[in-house]
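So the structure is just underneath, and the comments pick up after that.
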Amino acid sequence: MPHPDLDAEQAYIDGAYVCLAAMRDRTQRAADIADSAAQAVDSAIAQAHLRHRLASLDADVPGLSFGRLDDEHDDTWYIGRRHVEDARGDAVVVDWRAEVATPFYRATAVDPQGLVRRRRFMMTGHRLDDLFDEVFDDPDSVDAAHHGGIPDPLLAELERERTGEMRDIVATIAGEQDLVIRAPLDTCLVVQGGPGTGKTAVGLHRAAFLLYEHRTRLDADGVLVIGPNPIFLRYIAQVLPSLGEAATRQTTLDRLLAGTAYRVAGVDDDAAARIKGDGRMAEVIARAVAGAVRVPDEGLAVTTTWGTARVGHDDVLAAAADVHGRGVAHNVGRAAFRTQLARLVRADLVRRRSEEVVTTEAVDADLRRDRAWAAAVDRLWPALSAPTLVRRLLTNRTALAAAADGVLSADEQAAIRRRPVRRAADEPWTVADLALIDEAEAVVAGPPRVYGHIVVDEAQDLSTMGLRALARRSRDASMTVLGDLAQATAPAAQESWEAAIAALGAPATAQRTDLDLGYRVPASIMDAANGLLAVAAPDVVPTRSVRIGGRPPVVVAAGARAVPEAAAAAAAELADAYATVGLVVPPSLRAAVEAALGDGATALTVLDPPDAKGLEFDAVVVVEPAAIAGGSARGLRLLYVALTRAVQELVVVHSAPLPGGLSLAPAAA
1 MPHPDLDAEQ AYIDGAYVCL AAMRDRTQRA ADIADSAAQA VDSAIAQAHL RHRLASLDAD
61 VPGLSFGRLD DEHDDTWYIG RRHVEDARGD AVVVDWRAEV ATPFYRATAV DPQGLVRRRR
121 FMMTGHRLDD LFDEVFDDPD SVDAAHHGGI PDPLLAELER ERTGEMRDIV ATIAGEQDLV
181 IRAPLDTCLV VQGGPGTGKT AVGLHRAAFL LYEHRTRLDA DGVLVIGPNP IFLRYIAQVL
241 PSLGEAATRQ TTLDRLLAGT AYRVAGVDDD AAARIKGDGR MAEVIARAVA GAVRVPDEGL
301 AVTTTWGTAR VGHDDVLAAA ADVHGRGVAH NVGRAAFRTQ LARLVRADLV RRRSEEVVTT
361 EAVDADLRRD RAWAAAVDRL WPALSAPTLV RRLLTNRTAL AAAADGVLSA DEQAAIRRRP
421 VRRAADEPWT VADLALIDEA EAVVAGPPRV YGHIVVDEAQ DLSTMGLRAL ARRSRDASMT
481 VLGDLAQATA PAAQESWEAA IAALGAPATA QRTDLDLGYR VPASIMDAAN GLLAVAAPDV
541 VPTRSVRIGG RPPVVVAAGA RAVPEAAAAA AAELADAYAT VGLVVPPSLR AAVEAALGDG
601 ATALTVLDPP DAKGLEFDAV VVVEPAAIAG GSARGLRLLY VALTRAVQEL VVVHSAPLPG
661 GLSLAPAAA
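FYI, the numbering used here numbers position 172 of the sequence shown as 172, with every residue one higher than the one before it.
This is how it looks when you write it as structure tokens:
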């Protein structure tokens with residue numbers, strides 16, 4: 001039987017959409033006026049502001065309001081994805097990020113936070129399908145709206161089919177997730193979260209919340225979102241726009257570091273990638289830069305208009321040490337060093353000439369005209385190029401040995417060296433090289449552009465050098481670092497969050513929090529995958545799924561040659577029942593599986609195990625788990641990733657014995 005208030009609430013929501021459309025119309029008229037403004041600069045500023053506002057006033061936003069709060073002061077607030085006001089300026093819908101909305105996510109029967117009632121709406125587009133009340137002076141009412149502690153609207157959302165894009169979770173944010181989302185801006189927040197805990201969505205909603213709370217600061221500095229790969233970025237692309245926020249940069253770390261300057265053309269083996277990602281490489285680079293400053297034993301002799309000036313070795317050395325002590329970038333310090341030397345030259349001349357004749361201005365002018373002086377300074381403190389320096393370290397045995405002596409072993413040095421190429425433009429840069437170039441650029445030329453806040457997902461796979469690159473782009477170490485150590489599979493991946501925090505510079509504001517309650521992956525699948533953790537990631541607390549039960553994984557045994565066809569058949573069957581189906585396939589079998597899929601492959605997503613991170617599908621086929629696991633802890637973590645991508649149904653197709661720890665019942669005959 002429909003709720004008696006359903007029609008009244010639908011009418012209110014319809015009115016809210018009318019008000020939102022009116023707000024957009026008013027903003028559009030103001031933008032049109034700004035377009036025709038006489039003052040070009042003022043017009044441009046006004047246009048930018050109004051265009052941003054227009055982007056946040058999409059009148060077709062689905063589920064404009066997803067709940068209502070009635071408090072003990074007889075105030076009523078409708079909570080939604082946008083702030084909506086009527087023609088008088090009175091709030092019709094309150095933005096979910098406003099402080100008054102906090103109890104919607106955190107109120108419980110034990111702590112109602114001043115609420116009398118919380119009403120949750122279930123909507124499809126503009127239509128209100130149903131509503132659920134939690135009356136806080138009646139604990140039985142609160143419990144009646146839940147199944148196992150989970151509100152009915154959340155359960156319904158979890159059961160919805162995937163669309164191929166991540167949806168926002170603004171209507172169903174859980175209390176522990178809300179604490180992360182609303183943490184202070186000036187925090188380096190590290191979030192450990194297993195599959196389905198919503199850590200990615202939490203990170204994106206945190207970005208939206210911070211943009212709302214600190215609009216002026218973050219509009220100026222920007223928000224940077226780092227994902228693991230382009231597939232993931234496409235998957236999350238619509239979350240922030242759906243929340244009314246488009247002013248963020250979303251990219252991968254390698255794209256951020258490469259920009260338009262470097263083309264990745266090489267691939268490191270695991271040993272080279274691991275060493276290049278090691279934090280010790282920062283010391284190697286710093287030593288290579290410092291080693292570029294060479295003070296001759298005989299000091300410096302300079303021919304000037306007033307005669308030859310001599311600066312002793314110790315004085316030149318002291319000048320270099322003074323500049324180094326200021327902590328400035330190498331190329332910036334070069335100008336300061338030149339100034340120091342000029343002062344020493346004048347001091348030597350003044351000993352033989354009067355100060356009135358040998359003025360600072362006269363000496364500076366004389367030295368600027370002297371090519372020999374410029375050449376001498378270049379020999380002492382040469383200008384450096386970051387890519388040239390890194391290229392030399394990686395291709396010159398002597399240069400690397402000098403900078404890495406006592407830091408990297410001879411075997412480690414050999415592992416990262418490669419043959420030189422004739423032209424710098426042909427250098428086969430690898431992904432790991434980009435962080436080295438970035439480190440060198442910071443030491444040589446100074447820090448890069450900083451962002452007001454950085455959200456980085458799948459951070460467990462970033463190397464120490466990669467984390468250092470992000471840290472130097474973060475103002476006041478304001479970061480949200482999301483990941484799961486049980487899914488750490490990259491060669492230079494993090495082994496602990498303590499190590500990751502150290503790589504970020506050990507900021508005083510660093511905090512660690514855990515999300516261990518899973519909302520996406522059914523318990524039947526999550527429990528099977530958790531069996532791998534004893535070997536794959538023994539220090540990680542297994543994720544507990546709120547979706548009790550669920551369909552057990554289906555195991556299909558096939559002959560080795562029949563695995564591709566069996567996988568294709570399973571995927572085709574699942575595609576008849578679900579909107580999104582993914583196949584996670586070891587590289588050795590990918591071509592065969594795609595061939596077996598034939599034309600049907602276009603309706604399915606075929607992924608290598610590392611590329612599956614962060615993605616969700618209604619159904620997943622995992623092909624040949626033993627080949628994914630490969631007998632290593634890293635491989636078992638890749639298999640853990642593969643097994644936890646399904647939110648409805650999982651099928652495992654294999655010929656080789658299943659890895660230890662993976663307990664799955666075979667399909668019934």
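Glycine included, each C-beta is placed from N, C-alpha and C at the ideal position. None of these values were measured; they are calculated from a predicted model.
Cβ distance (whole Å) where residue i is taken to contact residue j below 8 Å
i           : j           : result
residue 481 : residue 500 : 7 Å
residue 658 : residue 633 : Contact doesn't hold; Cβ gap of about 17 Å is too wide.
residue 395 : residue 420 : 4 Å
residue 492 : residue 403 : Not a contact, Cβ separation roughly 19 Å.
residue 566 : residue 558 : 4 Å
N-terminal and C-terminal residue of the beta strand (DSSP E) that residue i is part of
i           : result
residue 381 : Segment: none, residue 381 is in no beta strand (DSSP E) and carries neither H nor E.
residue 119 : 115-124
residue 479 : 479-483
residue 364 : Not the beta strand (DSSP E): residue 364 falls in the alpha helix (DSSP H), residues 360-368.
residue 543 : It is not in any beta strand (DSSP E) - residue 543 carries neither H nor E in the DSSP assignment.
Residue span of the alpha helix (DSSP H) that contains residue i, given as start and end
i           : result
residue 96  : Element bounds for residue 96: n/a, residue is neither H nor E.
residue 685 : Since the first residue shown for the chain is 1 and the last is 669, residue 685 is missing from the structure and cannot be characterised.
residue 439 : 431-444
residue 330 : 330-350
residue 134 : No alpha helix (DSSP H) holds residue 134; the beta strand (DSSP E) holding it covers 127-135.
Whether residue i touches residue j by CB criterion (7 Å)
i           : j           : result
residue 440 : residue 464 : no
residue 620 : residue 661 : no
residue 292 : residue 384 : yes
residue 415 : residue 272 : yes
residue 115 : residue 60  : no
residue 170 : residue 81  : yes
residue 515 : residue 199 : yes
residue 570 : residue 651 : yes
residue 450 : residue 475 : yes
residue 589 : residue 568 : no
residue 226 : residue 253 : yes
residue 188 : residue 477 : yes
residue 490 : residue 540 : no
residue 643 : residue 488 : no
residue 357 : residue 346 : no
residue 518 : residue 67  : no
residue 366 : residue 305 : yes
Alpha-carbon to alpha-carbon, residue j and residue i
i           : j           : result
residue 148 : residue 546 : A caution first: residue 148 carries a pLDDT of 44, below 50, which makes its placement in the model unreliable, though a value can still be read off. Between residue 148 and residue 546, the C-alpha separation is close to 8 Å.
residue 457 : residue 296 : 49 Å
residue 134 : residue 124 : 21 Å
residue 312 : residue 298 : 7 Å
residue 302 : residue 310 : 6 Å
residue 444 : residue 326 : 14 Å
residue 641 : residue 24  : 43 Å
residue 221 : residue 370 : 43 Å
residue 144 : residue 138 : Note on residue 144: pLDDT 47, under 50, position unreliable in the model; the coordinate value appears next. Cα to Cα, residue 144 sits roughly 10 Å from residue 138.
residue 257 : residue 438 : 7 Å
residue 555 : residue 664 : 7 Å
residue 2   : residue 113 : 29 Å
residue 324 : residue 223 : 33 Å
residue 377 : residue 335 : 10 Å
residue 453 : residue 459 : 15 Å
residue 669 : residue 62  : Its pLDDT being 38, under 50, residue 669 is placed unreliably by the model, and nothing is read from it.
residue 677 : residue 602 : The structure shown does not extend to residue 677, since the chain is modelled only from 1 through 669, so no value can be given for it.
residue 146 : residue 111 : Confidence in residue 146 is poor, its pLDDT being 48 and thus under 50, which makes the residue's placement too unreliable to answer from.
residue 575 : residue 636 : 27 Å
residue 483 : residue 236 : 16 Å
residue 513 : residue 176 : 10 Å
residue 38  : residue 259 : Low per-residue confidence applies at residue 38: pLDDT is 49, beneath 50, and the placement is therefore not dependable, though the value from the model is reported in the following sentence. Using only the alpha carbons, I get a separation of about 37 Å.
residue 307 : residue 186 : 58 Å
residue 102 : residue 21  : 26 Å
residue 12  : residue 495 : 52 Å
message = Tell me whether the stretch 635-650 and the stretch 517-526 touch, counting them as touching only if at least three CB pairs, one residue from each stretch, are closer than 8 Å.
response = Yes, the stretch 635-650 is in contact with the stretch 517-526.
inquiry  = Tell me whether the stretch 199-209 and the stretch 169-184 touch, counting them as touching only if at least three CB pairs, one residue from each stretch, are closer than 8 Å.
reply    = Below 8 Å, enough C-beta pairs join the stretch 199-209 and the stretch 169-184 to call them touching: three or more.
query = Touching or not, the stretch 433-447 and the stretch 405-415, by the rule of three or more beta carbon pairs under 8 Å?
reply = Contact between the stretch 433-447 and the stretch 405-415 is absent, with fewer than three C-beta pairs closer than 8 Å.
task = May I ask you to verify whether the stretch 504-511 touches the stretch 610-629, counting CB pairs closer than 8 Å and requiring at least 3?
result = Under the Cβ criterion (8 Å, minimum of three pairs), the stretch 504-511 does not count as touching the stretch 610-629.
Validate contact between the stretch 14-29 and the stretch 81-93 using beta carbons, cut 8 Å, 3 pairs = As far as the Cβ criterion goes, the stretch 14-29 touches the stretch 81-93, which means the pair count is three or higher.
request  = Decide yes or no for the touch test of the stretch 186-195 against the stretch 215-231: beta carbon pairs closer than 8 Å, at least 3 of them.
outcome  = No: the two stretches stay apart, fewer than three of their Cβ pairs being nearer than 8 Å.
query = With a cut-off of 8 Å, do at least 3 Cβ pairs link the stretch 569-585 to the stretch 594-611?
reply = The count of Cβ pairs closer than 8 Å, one atom from the stretch 569-585 and one from the stretch 594-611, reaches three, so the stretches are in contact.
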